[in-house]
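Notes follow the structure.
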Amino acid sequence: TRRYRRVRDALEEGSGRYPDLLLIDGGKGQLGVATAVLKDLGIEDLDTASIAKSRAIEGGHSPERFFVPGRANPIILPQNSAVVHLLARVRDEAHRFAITYHRERRKKATLRTSLTDIPGLGPVLARRLLNKFGSIARIRGLSADEIAEVPGVGRSVAEAIRQQLAARGAAETSEVKD
Numbered sequence: 166t167r168r169y170r171r172v173r174d175a176l177e178e179g180s181g182r183y184p185d186l187l188l189i190d191g192g193k194g195q196l197g198v199a200t201a202v203l204k205d206l207g208i209e210d211l212d213t214a215s216i217a218k219s220r221a222i223e224g225g226h227s228p229e230r231f232f233v234p235g236r237a238n239p240i241i242l243p244q245n246s247a248v249v250h251l252l253a254r255v256r257d258e259a260h261r262f263a264i265t266y267h268r269e270r271r272k273k274a275t276l277r278t279s280l281t282d283i284p285g286l287g288p289v290l291a292r293r294l295l296n297k298f299g300s301i302a303r304i305r306g307l308s309a310d311e312i313a314e315v316p317g318v319g320r321s322v323a324e325a326i327r328q329q330l331a332a333r334g335a336a337e338t339s340e341v342k343d
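So the sequence shown is numbered by the numbering used here: it starts at 166 and just counts up by one.
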């Protein structure tokens, strides 16, 4: 919806155009959802098809199947044809791109420690520090010189780490006593 709303709006402004073919990854169900979204947006003249991945069946694999709106059964092309290979590679590249994107997002979201709250210290350096020293408690006990031994951590960042962790340690200790 988001993508094709922008395409439609750009087209209405005269600065965009629809693709020649919208290829959906999935079977008949995904194609149905995509065509319903396009219809809701008032886009009904866009050629649309879906590609369903071959799957393991008894005695081998099912063929790559293509679905088009208004047709109940899939179109099955010769599996060794250049068209099938091209469209399967497009689908596989879309999978690879999406998986890589989501892994990167998850990786960035998962490393959130008190280290990443220190100005000048991002997730990469935080990960290096934790890999080398094991824990924030252990880093808290180090000198700035020891912290600065980690590649990419300069003396000023090491000092900031020491000061921030010492201040947080003191704050945590006073909260426990209260």
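We treat Cβ as the ideally placed atom computed from N, Cα and C, and that holds for glycine.
- Taking every protein chain shown into account, the CB of Tyr169 has 16 or more other CB atoms within 10 angstroms, so this residue is buried.
- Annotation for Ile240: Phe231 place their beta carbon closer than 6 Å to its own, counting only its chain and skipping 5 residues before and after.
- The three-state reading of DSSP puts Leu286 in coil, since its state is none of H, G, I, E or B.
- An exposed status is given to Arg254, since fewer than 16 other beta-carbon atoms sit within 10 Å of its beta-carbon.
- Contact check for Asp190 against Asp212 fails: the beta carbons are separated by 9 Å or more.
- For Arg168, the enclosing alpha helix (DSSP H) has its first and last residue at Arg167 to Glu177.
- Just so you know, the alpha carbons of Thr166 and Pro316 end up roughly 45 Å apart.
- A straight-line Cα-Cα distance of about 27 Å links Ala325 and Arg271.
- For Ala263, the three-state secondary structure derived from DSSP is helix.
- For Ile301 against Leu280, the beta-carbon gap comes to about 7 Å, under 8 Å, which counts as contact.
- Look at Ser246 here: in three-state DSSP terms it is coil, with no helix or strand label.
- For a cut-off of 8 Å, the C-beta gap from Ser215 to Gln195 is around 6 Å, short enough to register as a contact.
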